[in-house]
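Chemist:
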Amino acid sequence: MIDATDVVLGRLATTVASLLRGKNKPTYAPHMDGGDFVIVVNAGKVALTGKKATDSLRYTVSGRPGGMRVRTAGELRENDARKLVERAVWGMMPKNKLSRQQMTKLKVYSGPEHPHAAQKPQPYEITQIAQ
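Residue numbers for the sequence shown follow the working numbering, so the first one is 5 and each next one is one higher.
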């Protein structure tokens, strides 16, 4: 379980991607799914450095004419921070079938509550936070 409060989005995404792939384990093999389930809480409090909250654009396309929606990263963080974190982690993963399977092990929640308390998740600290 990772608390995303005041953690820079890119640093959070690289750490989560590494845990999902199992690169922190001695049994790591790039062709096997040996990663852990990762729970990210407080995704709405993730930090965006510089002017990324206003200048960085996120695009979603429905596939229909005129169906492209453009939002800033700040708007996406306010409306649905879960998508912002999931998309950042997806960008750090390799683009193959195995990574799609590994992404199903990622659970992101905007607030501090999550329904996985019965599994007794271990807290994982990201040492460097936003200034």
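Quick reminder that beta carbons are idealized off the backbone N, C-alpha and C, glycines included.
Per DSSP, residue 110 is paired with what?
Modeler: Answer is 42, bridged to residue 110.
Chemist: Please work out which residues of its chain come closer than 7 Å, Cβ to Cβ, to residue 119, disregarding the five sequence neighbours upstream and downstream, and give them in chain order.
Modeler: Cβ neighbours of residue 119 beyond the five flanking positions: none.
Chemist: Please confirm if the region 68–81 is in contact with the region 96–113, defined as three or more CB-CB distances below 8 Å between the two stretches.
Modeler: Result no; under three Cβ-Cβ pairs closer than 8 Å.
Chemist: Does the ligand GTP have even one heavy atom less than 7 Å from the beta-carbon of residue 27?
Modeler: This structure lacks the ligand GTP, and indeed carries no ligand of any kind.
Chemist: Just to confirm, are residue 63 and residue 86 a CB contact at a threshold of 8 Å?
Modeler: The answer is no: Cβ separation not under 8 Å.
Chemist: Over what stretch of residues does the alpha helix (DSSP H) that includes residue 86 continue unbroken?
Modeler: Start and end: 77–96.
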